[in-house]
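Some notes on the structure that comes next.
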């Protein structure tokens, strides 16, 4: 066999020859294409720290293509992938941490592919990957634990991770842990943080729990904590249609609300809340309530406001409001 033929038929040598050619391997192109709409693959980092939902969507979409590709091409394919573009190692690292792939993270760490700027432990905590956390922290001692670690885990309802960092490591966190858990309705995490830690929360905890309709969290914070809430709790609960929370805050707490409570309820078509606020509260509403009800087609609310709520007489001399109202009538 000639030397040329030996090279061309060698699984080890021929890829080295092809490696000097320009271009991207055909099997790698779909992996690059899936993130091509981003300014850079490293933009995923900013999504991770600023927009969880978008990050989850982007990394899940990438993973749906990468994982079958990885099963077919293995670690040899990984090296080819990384040789095509430096930033792809960064994306694969995020994907591995997100999925809790201990073996892939181990391989990347052993071959110098891990980016020290990626908060691996934080990301693993956010997605509840306790096995990967233990590997990074206990075995490899290469994971950095910060207050953000527990904060992210708590916000995403990862109780086992929060318990691990509290009971095993006593890692620090901030008030954002309980605030975030309350905002997302994770009552079990809120209860644990209350009983096992001392950082507490802020008024944002009850405000956000009320905004998003988590009555059980609001009731627990009211009964067990002293931070309380602000008038925004009832304002936002009313705007979002959470009548049970509006009633609870009105009868059990003293922060009250503003005119934005009825305004928001009117804007969004919550007649039951408009009626309750009018009958049980004194804050009233602004002219925006009627304007919003008319603008969004809530004729029943506009009619109720006209007949039962004291609005500025000058409002009815507004040609636009008068025309809209009588058109609806």
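In the UniProt record's numbering, the protein residues as written are 1 to 329. Beta carbons: idealized from backbone N, C-alpha and C, even for Gly. Values in this document were obtained by computation on a predicted structure and should not be read as measured data.
- Assignment of residue 281 by DSSP, reduced to helix, strand and coil, places it in the coil class.
- Taking residue 214 as the centre and dropping the five residues before and after it, the same chain places the C-beta of 185 closer than 6 Å to its C-beta, in chain order.
- For the alpha helix (DSSP H) assignment, the uninterrupted runs of no fewer than 4 residues enclosed by the stretch 171-253 are, from N- to C-terminal side, 175-183, 187-196, 203-211, 215-224, 232-239 and 243-252.
- Between residue 117 and residue 108, the C-beta spacing is not below 8 Å.
- Take the alpha-carbon of residue 105 and the one of residue 45: they are about 17 Å apart.
- With 16 or more other Cβ atoms inside 10 Å of its own Cβ, residue 119 counts as buried.
- Annotated as distal: residue 234 and residue 205, with beta-carbon spacing of 8 Å or more.
- Taking C-beta separations shorter than 6 Å and ignoring five residues to either side along the sequence, the partners of residue 183 in its chain run 208, following chain order.
- Within the stretch 59-145, the complete alpha helix (DSSP H) runs of at least 4 residues fall at 87-99, 102-110, 120-126 and 130-134.
- Of 164, 189, 125 and 310, the smallest CA-CA separation from residue 175 is found for 189.
- C-alpha of residue 36 to C-alpha of residue 122: approximately 26 Å in a straight line.
- Residues 107 of the same chain have their beta carbon placed closer than 8 Å to that of residue 75, with the five preceding and five following residues left out of the count.
- In its chain, beyond the 5 residues on either side, 207 have a beta carbon closer than 6 Å to the beta carbon of residue 232.
- Straight-line measurement puts the Cα of residue 103 at about 53 Å from the Cα of residue 260.
- For residue 94, the closest C-alpha among the options 140, 129 and 265 is that of 129.
- Exclusion of the five residues before and after residue 255 leaves 228, 229, 230, 231, 233, 234 and 249 as the residues of its chain whose Cβ lies within less than 8 Å of its Cβ.
- Residue 308 and residue 292 have their alpha carbons spaced roughly 17 Å apart.
- If you look at residue 287, you'll find it in the alpha helix (DSSP H) that goes 287-295.
- Residue 28 sits in coil when the DSSP states are folded into three classes, being neither helix nor strand.
- In this structure, residue 269 and residue 299 do not form a Cβ contact; the two beta carbons are roughly 10 Å apart against a cut-off of 8 Å.
- Counting the other Cβ atoms within 10 Å of the Cβ of residue 41 gives 16 or more, which makes it buried.
- In the DSSP assignment, residue 262 falls within the alpha helix (DSSP H) that extends over 259-267.
- Cβ-Cβ distances below 6 Å link residue 242 to 213 in the same chain, with the five nearest sequence neighbours on each side left out; the list follows chain order.
- Taking each of 140, 195 and 144 in turn and checking the Cα distance to residue 167, the smallest one comes out for 195.
- Here residue 41 carries a coil assignment [DSSP, helix/strand/coil].
- Counting every other CB atom within 10 Å of its CB across the protein chains shown gives residue 296 a total below 16, marking it as exposed.
- The beta-carbon distance between residue 193 and residue 154, rounded to whole angstroms, is 6 Å. This is short enough to meet the 8 Å contact definition.
- Considering only 305, 191 and 124, the residue with the shortest C-alpha distance to residue 216 is 191.
- In the structure shown, the three-state DSSP call for residue 305 is helix.
- In the structure shown, residue 256 adopts coil according to DSSP, grouped into three states.
- Within the same chain, 188, 189 and 192 come within 7 Å of residue 159 by CB-CB distance, once the 5 residues on both sides are set aside.
- Sixteen is the threshold: when 16 or more other Cβ atoms of the shown chains lie within 10 Å of the Cβ of residue 89, as they do, the residue is buried.
- Rounded to whole angstroms, residue 237 and residue 50 show a C-alpha spacing of 24 Å.
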